[in-house]
Amino acid sequence: MSAAIQRNKLFTASCLALLVTSLSFGIRAGILDTLGVQFHLNASELGTIAATAFWGFPLAIIIGGFIVDIIGMKRLLMGAFIFHFAGILLTIFATGYWTLFLSTLLIGIANGTVEAACNPLVASLFTDNKTTKLNHFHLWFPAGIVIGTLVVFFLNKLGVNWQIEVGVMLIPTVIYGYLFSRLQFPVTERVAAGVSTGDMYAALLNPLFFFMIICMFATAITELYTNQWTDVLFKTVTDNALLILTFVASVQVLGRAFAGPVVHRLAPQGVLLISAILSALGIYLLIHLQGAGIYAAAVIFGLGVAFFWPCMIGFVAENLPKTGAVGLNLMGGAGMFGVSIYMMFMGGYYDRILASNLPAGANIDLYRSAPAGSEMARAFDAARSAAGPEMLHTTMFLPMALIVAFGGLVLYMRGRKKTEVLKPAL
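According to the UniProt record's numbering, the sequence shown is numbered sequentially starting from 1.
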């Protein structure tokens, strides 16, 4: 098998593995409210379950980042296959809070392991075009969300139970596991370049790397928290709340597919600044627009978050290459860790807002499960209508802060480039 064919097959298998990762987000987002009703879970419990995927992710991606050069990318990805397969089956046969908690944790570990191996794999396969190819790779995350939400939407219309919806993920899982088991892997770019482990750890102490880690918290929360809670936050705004997520993810797919010219013209830091501006504007419009206008807001928000994750990873790969696989995976781990903490906090915050808009001492679970059209159901819908915008208002401050941060990054990188140009003349 030629090197080019081998490289393309590895890239295709990587995209399939990421597809399973994103299907787990899209399908879980689509059934989150259903799980709450069936297993009598409040928003705080749902938030903890959803956050568990984001705990497992940083745990796996950070550990994976430290051991990928030791055990190899292939072994990591076969481990991801096992965790995905087990987590999906356990979700299908879940009986309540704790089985959902454990199954989501297993899937989160699998998702993190995929990123731990595939980010350095893509960077190693395409050393001359890292950020663009990372965008192409990461377009399969929103693509999977589009596929997952549409699967939930149409199967719900057909009256199919949620277990079958979850079972759809087994198909690409088995395929990527088979492909990776038969392919040969290169060493990571850092190993190929001869950068020592000591130099790698020294590079992690660069202040610019710390700055990017902090920004990763905010970019990941802006994208993933809003997407994961779409069905809950917009349930009273539209009968098809999940389609808002589909709109957002569809725009992300298109943005990442055509990222090459944008990245080459503006550089990762320029793209990140524009992304922060559009994200803040998109959330503002999601709060204030109603009816069909909310889908236009979803398009703007989707354009904003389209480039966040791959350009954050790409910036580090291009400008801090000595950080190696550990640097890339610490970035991903930081993002998911930030989302997990934020999601737990906001789940409890959401319950408190609901309680404040219901009669004093009201049992939220009783109101949540009240028959449609009843006085309790109408009161609960009114409370949810007040809670959704409040949650989004709080989240909007993150991309607003990123506008300042990335504006500073653009100026810093411009100054550094001028310094590098002048050095030979000095």
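Where a beta carbon is used, it is the ideal one built from N, C-alpha and C, also for glycine.
Note that the structure is a prediction, hence the values are computed from the model and not measured.
Classify A292: buried if its beta carbon has 16 or more other beta carbons within 10 angstroms, exposed otherwise. If you number the sequence shown from 1, residue 292 lands on position 292. Label assigned to A292: exposed.
Counting C-beta neighbours from all protein chains within 10 Å, is the total for N111 16 or more, i.e. buried, or is it exposed? In the sequence shown, residue 111 corresponds to position 111, counting from 1. Flag for N111 reads buried.
Does the distance from the C-beta atom of M343 to that of G64 stay below 7 Å? Along the sequence shown, one-based indexing puts residue 343 at 343. Along the sequence shown, one-based indexing puts residue 64 at 64. No. Outside cutoff.
Anticipated Cβ contact below 8 Å, R190 with A325, distance rounded: Within the sequence shown, residue 190 is the residue found at index 190, counting from 1. Within the sequence shown, residue 325 is the residue found at index 325, counting from 1. 6 Å between Cβ atoms; contact.
What ranges does the alpha helix (DSSP H) occupy inside the segment 338-413, keeping only unbroken runs of at least 4 residues that lie completely in it? 364-368
6 Å Cβ shell around Q290 - same chain, five flanking residues per side excluded: In the sequence shown, counting from the first residue as 1, residue 290 sits at position 290. Cβ neighbours of Q290 beyond the five flanking positions: none.
Under the rule that 16 or more other beta-carbon atoms within 10 Å means buried, what is T395, buried or exposed? Against the sequence shown, residue 395 aligns to sequence position 395. By the Cβ neighbour-count rule, T395 is buried, with 16 or more other Cβ atoms within 10 Å of its own.
Please report the straight-line C-alpha distance between F406 and L179, rounded to a whole angstrom. The count along the sequence shown starts at 1 and reaches residue 406 at position 406. The count along the sequence shown starts at 1 and reaches residue 179 at position 179. Here the alpha carbon of F406 sits roughly 39 Å from the alpha carbon of L179.
Straight-line Cα distance separating I49 from L272: Here residue 272 corresponds to residue number 272 of the sequence shown, with the count starting at 1. Here residue 49 corresponds to residue number 49 of the sequence shown, with the count starting at 1. Taking the straight line from one Cα to the other gives about 30 Å.
Just how far apart, CA to CA, sit H264 and K130? Looking up residue 264 in the sequence shown gives position 264. Looking up residue 130 in the sequence shown gives position 130. Rounded to whole angstroms, H264 to K130 spans 11 Å at the Cα level.
Sequence-distant residues of its chain with Cβ nearer than 6 Å to L155 (five each side left out): Taking the first residue of the sequence shown as position 1, residue 155 is located at position 155. E165, listed in sequence order.
Nearest candidate by alpha-carbon position, reference T219, set S181, G108, T173, G302: Counting from one through the sequence shown, the residue named residue 219 turns up at place 219. Out of S181, G108, T173, G302, G302 has the C-alpha closest to the C-alpha of T219.
Quick check on the DSSP output: what are the complete alpha helix (DSSP H) runs of length 4 or more inside the segment 256-297, in order along the chain? Inside the segment 256-297, DSSP marks whole alpha helix (DSSP H) runs of 4 or more residues at positions 259-288, from first to last along the chain.
Would you kindly work out how many angstroms separate the C-alpha atoms of L121 and L77, rounded to a whole number? To locate residue 121, count along the sequence shown from 1; it is residue 121. To locate residue 77, count along the sequence shown from 1; it is residue 77. Straight-line Cα distance between these residues: approximately 11 Å.
Among D69, G177, G338, I244, which has the Cα closest to the Cα of T149? In the sequence shown, residue 149 corresponds to position 149, counting from 1. Here the closest residue by C-alpha is I244.
Pairing CB atoms from the segment 8-25 with CB atoms from the segment 336-353, are three or more of them under 8 Å? The count of Cβ pairs closer than 8 Å, one atom from the segment 8-25 and one from the segment 336-353, stays below three, leaving the stretches out of contact.
Which of helix, strand or coil does DSSP assign to H40? Residue mapping note: residue 40 aligns to position 40 of the sequence shown, counting from 1. DSSP places H40 in coil when its eight states are reduced to three.
Since I213 and L330 should fall inside the 8 Å C-beta cutoff, what is the C-beta to C-beta distance between them, to a whole number of angstroms? In the sequence shown, the residue the question calls residue 213 occupies position 213. In the sequence shown, the residue the question calls residue 330 occupies position 330. At roughly 7 Å, the Cβ-Cβ gap stays under 8 Å, so I213 and L330 are in contact.
Check whether the segment 252-259 and the segment 276-286 touch, using three or more Cβ-Cβ pairs below 8 Å as the test. Three or more beta-carbon pairs separated by less than 8 Å are not found between the segment 252-259 and the segment 276-286, which leaves the two stretches without contact.
Out of G167, P261, W162, A401, which has the shortest C-alpha to C-alpha gap to G30? In the sequence shown, residue 30 corresponds to position 30, counting from 1. Residue W162 is the option with its Cα nearest to G30.
Less than 8 Å between the CB atoms is what I'm expecting for T197 and S124, so what's the real figure, rounded? Here residue 197 is taken as the residue at index 197 of the sequence shown, counted from 1. Here residue 124 is taken as the residue at index 124 of the sequence shown, counted from 1. Between S124 and T197 the Cβ distance is about 17 Å, and since that is not below 8 Å, they are no contact.
Alpha-carbon to alpha-carbon, I274 and R414: By 1-based counting over the sequence shown, the position of residue 414 is 414. By 1-based counting over the sequence shown, the position of residue 274 is 274. If you take the alpha carbons of R414 and I274, they lie about 16 Å apart.
In three-state terms, what does DSSP make of F154? Against the sequence shown, residue 154 aligns to sequence position 154. Reduced to three states, the DSSP call for F154 is helix.
If I follow the unbroken alpha helix (DSSP H) through Y178, where does it start and stop? Numbered from 1 along the sequence shown, position 178 holds the residue referred to as residue 178. Per DSSP, Y178 belongs to the alpha helix (DSSP H) from 170-182.
Under the three-state reduction of DSSP, which class applies to S196: helix, strand or coil? Looking up residue 196 in the sequence shown gives position 196. Coil at S196, not helix or strand.
Take L320 and list the residues in its own chain whose beta-carbon comes closer than 7 Å to its own, dropping the five residues that flank it on each side. As a working note, residue 320 is residue 320 in the sequence shown. Excluding positions up to five away in sequence, the list reads A203, N206, L208, F209, G327.
Quick one, which of F39, V114, F247, S369 has its alpha-carbon nearest Y295's? Working through the sequence shown from its first residue, we reach residue 295 at position 295. Considering only alpha carbons, the answer is F247.
Flag this pair as yes or no: are the beta carbons of G304 and I221 separated by less than 7 Å? Along the sequence shown, read from residue 1 onward, the residue named residue 304 stands at position 304. Along the sequence shown, read from residue 1 onward, the residue named residue 221 stands at position 221. Note that the C-beta distance between G304 and I221 is not below 7 Å.
Three-state secondary structure (DSSP) at T419? Within the sequence shown, residue 419 is the residue found at index 419, counting from 1. T419: helix per DSSP, three-state reduction.
Distance between beta carbons of M216 and I88, contact taken as under 8 Å: Counting from one through the sequence shown, the residue named residue 88 turns up at place 88. Counting from one through the sequence shown, the residue named residue 216 turns up at place 216. With 8 Å as the limit, I88 and M216 do not qualify as a contact, their Cβ atoms being about 28 Å apart.
What distance in whole Å lies between the Cβ atoms of I109 and A51, which are believed to be in contact at a cut-off of 8 Å? Indexing the sequence shown from 1 puts residue 51 at position 51. Indexing the sequence shown from 1 puts residue 109 at position 109. So it is not a contact: roughly 14 Å between Cβ atoms.
Rounded to whole angstroms, what's the CA-CA distance from L398 to E318? Just pull it up for me. Reading the sequence shown from its first residue, position 398 is the one you call residue 398. Reading the sequence shown from its first residue, position 318 is the one you call residue 318. Answer to the nearest angstrom: the Cα atoms are 25 Å apart.
Exposed or buried, which one is R182 when buried takes at least 16 other CB atoms within 10 Å? The count along the sequence shown starts at 1 and reaches residue 182 at position 182. Exposed: under 16 other Cβ atoms inside 10 Å.
Near L105, what residues of its chain come up, given a Cβ to Cβ distance below 6 Å and the 5 sequence neighbours on each side ignored? Taking the sequence shown and counting its residues from 1, one reaches residue 105 at position 105. So the list reads T52, G56, once near-sequence residues are dropped.
DSSP three-state assignment for T188, whether helix, strand or coil: Locating residue 188 in the sequence shown gives position 188, where the first residue counts as 1. In this structure, T188 counts as coil in the three-state DSSP scheme.
For the putative contact between L261 and H138, defined by C-beta atoms under 8 Å, what is the C-beta separation to the nearest angstrom? Position 261 of the sequence shown, counting from 1, holds the residue named residue 261. Position 138 of the sequence shown, counting from 1, holds the residue named residue 138. The sequence shown places Pro at residue 261, not Leu. P261 to H138, Cβ: 17 Å. No contact.
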